[in-house]
Structures are given as C-alpha cells and as structure tokens.
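What follows is a single structure, written as structure tokens, with notes after it.
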Amino acid sequence: MATVLLVRHGRTTANATGFLAGRTPGVSLDDVGREQAARTGDRIAAVPVAAVVSSPLDRCRETARAIVERQAVAPPSSVEDEITECDYGRWQGRRLDDLAKEDLWRTVQSHPSAVVFPGGESMARMQARAVAAIRRHDAEVESEHGPGAVWVAVSHGDLLKAILADALGMHLDMFQRLEAGPASVSIVSYGAGRPRVLATNTESGELSWLATSVPSAEAAVGGGAGAPAAEAAAPRIVT
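The numbering of the sequence shown is the numbering used here, which starts it at 110 and goes up by one.
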C-alpha cells in the first residue's frame, strides 16, 4: 500500500483576519503561514516522497513548494483541480462572524451532508470529488512506485476533514469532530480491504519511520508494536 500525507496549507491573510477565502484568487500565506509551511517541509524531508499533488489555489501551491524544495531529490509535482477548495458560492469573501449568524451555519455544524452553499456546491459533492481524486492518485503512485511509496496531497481544511472522515468510515455529518490545522499532516494508508488512518492533524513529530516501513494491510490484534523507534541524531560514543 502507498501512504499519503494529507497536508493543509499554512495560515493565510484571510485566516488571520477572519474571512472565508474560498476560491478567491490571490490569497497567499502570511508570514506565519510561510513559517508553518517551512516547518512542515522540514518534517517531511525525512521521507523521500514519490509525488506532491496540490490544489490549484496559491496558498496550497506555496505550501507544496516548501515541501518539494526540502526534498533531497525533488519529486514530480502536479496540480489537481478536484482537491481545490469547496465552492462556497455567495459565502465566499464574507466574514466568519457574520456567516455564523445565518441559519445555514448551524446546518454546516450539525448536518453538513444536507448543506448546499448558496450559488455554490454541496458539501457531499465536495467530499465525493476529493475522496475520488485522492484514491485515484494513491492507486497511481502505488502502481508506479510500489507499496512502500509515500506521497503528499496539499489541500484545504474542510476537504481534508472530509477525506479523513471517509477513511475513518465516518458519516459526513460527523466530520466536524475532526481538525485539520494550518500546515498539519495527517497520514492515511489505503488498502485493498480498507484505509488505515495512521495520524491526524499533527503539527510536530518524527516521520522518518515512513521511509523504512510499509504499513501492514492487517491490523495487529492488541495494537502491535508501533512504528520503529527513530535513531538518535548524534552518534553513540563507545569507550
């Protein structure tokens, strides 16, 4: 099985000021977001990745670039329209505290599978296109690079939560229980029988174990031994 690192873009100017950016062009990472993307790129640098796939929006492409630049050998990178931001329609560009006063906001929180944004798309459609695209790329990466391959998908918060909900076997109405913070990394390994979610919403932590172990298709009874322990950065001195 291939393994995908699901990465949210770093913080943007819209995130920092409380606006729903949606697909608005020209929304870039702010200084904090660029630092977050760099740290995430440094984390992932411990793993030779086979490919980096990004949403076409600027904030994701900037984050993807930070990941590619920190790889010892730059992997092929591409843009995937189907993992672009949700089409929020007439909600796009408005303040979040203003949107929170609308009746639809409560439906987004409690019953997202019923939500159709005015002039935009449904959340169910958002999930369906994103999951299909991730699974398609994952199968292509595994076919080309083998079951130990690791690749990266850079996308948006609601999309990543919807992808994780699918991988966890959760109904879309439960996806608001998940988090996908700026520049966070979640890890999913798709298998013939079912996906396995190895991590969600991580902002720190060592990832080199992904370069040396292939997640098993079977779940270990009792939980297993976990990932191999990372080797110490400094050499041991024997006297």
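Cβ atoms here follow ideal geometry from the backbone N, Cα and C, with glycine treated the same way.
In angstroms with no decimal places, state the Cα-to-Cα distance between residue 131 and residue 201. About 5 Å.
Boundaries (first-last residue) of the alpha helix (DSSP H) holding residue 51: The displayed coordinates of the chain run from 110 to 348. Any statement about residue 51 would go beyond what the structure contains.
Among the residues of its own chain, which have a CB less than 7 Å from the CB of residue 250, if the five just before and after it don't count? Within its own chain, the residues whose Cβ lies closer than 7 Å to the Cβ of residue 250, once the five positions on either side in sequence are excluded, are 111, 159, 160, 258, 260, listed in chain order.
Answer yes or no: do residue 221 and residue 281 have a C-beta to C-beta separation smaller than 7 Å? Yes.
By Cβ distance, which residues of its chain are closer than 6 Å to residue 230, with the 5 residues on each side in sequence left out? Setting aside the 5 residues that flank it on each side, residue 230 is surrounded in the same chain by 196, each with a C-beta closer than 6 Å to its C-beta; the list follows chain order.
Among 288, 122, 272, which has the Cα closest to the Cα of residue 113? That would be 272, whose Cα lies nearest to the Cα of residue 113.
Applying the 10 Å Cβ sphere with the 16-neighbour rule, what's the burial state of residue 182? Exposed is the call here.
Simplified DSSP assignment, three categories, for residue 149: If DSSP states are grouped into helix, strand and coil, residue 149 belongs with the helices.
Pull up the DSSP beta-bridge partners for residue 55, would you. The requested residue 55 does not occur in the structure, where the chain is confined to residues 110 to 348.
For residue 264 and residue 124, what's the separation of their Cα atoms in angstroms? Note on geometry: alpha-carbon atoms of residue 264 and residue 124 lie some 15 Å from one another.
Hey, could you find the ends of the alpha helix (DSSP H) residue 122 is sitting in? First-last of the alpha helix (DSSP H) with residue 122: 122-126.
Secondary structure of residue 162, DSSP reduced to three states: DSSP places residue 162 within a strand segment (E or B) once states are collapsed to three.
Could you please give me the residues that DSSP links to residue 260 through a beta bridge? Under DSSP, residue 260 takes part in a beta bridge, and its partners are 113.
Output the distance between the C-alpha atoms of residue 275 and residue 215, rounded to the nearest integer angstrom. Their backbone Cα atoms lie some 22 Å apart in a straight line.
Cα separation between residue 344 and residue 210? Only weak support exists for where residue 344 lies, its pLDDT of 34 falling under 50; the value from the coordinates is given anyway. Going by the C-alpha atoms only, they are around 58 Å apart.
Hey, residue 193 and residue 165 are a contact pair by Cβ (cut 8 Å); roughly how many whole angstroms apart? Rounded, the Cβ-Cβ distance is 6 Å, consistent with contact.
Per DSSP, what kind of secondary structure is residue 342 in: helix, strand or coil? Its pLDDT being 36, under 50, residue 342 is placed unreliably in this model, and the value from its coordinates should be taken loosely. Reduced to three states, the DSSP call for residue 342 is coil.
Per DSSP, which one or two residues make a beta bridge with residue 311? Within the DSSP secondary-structure output, residue 311 pairs in a beta bridge with 294.
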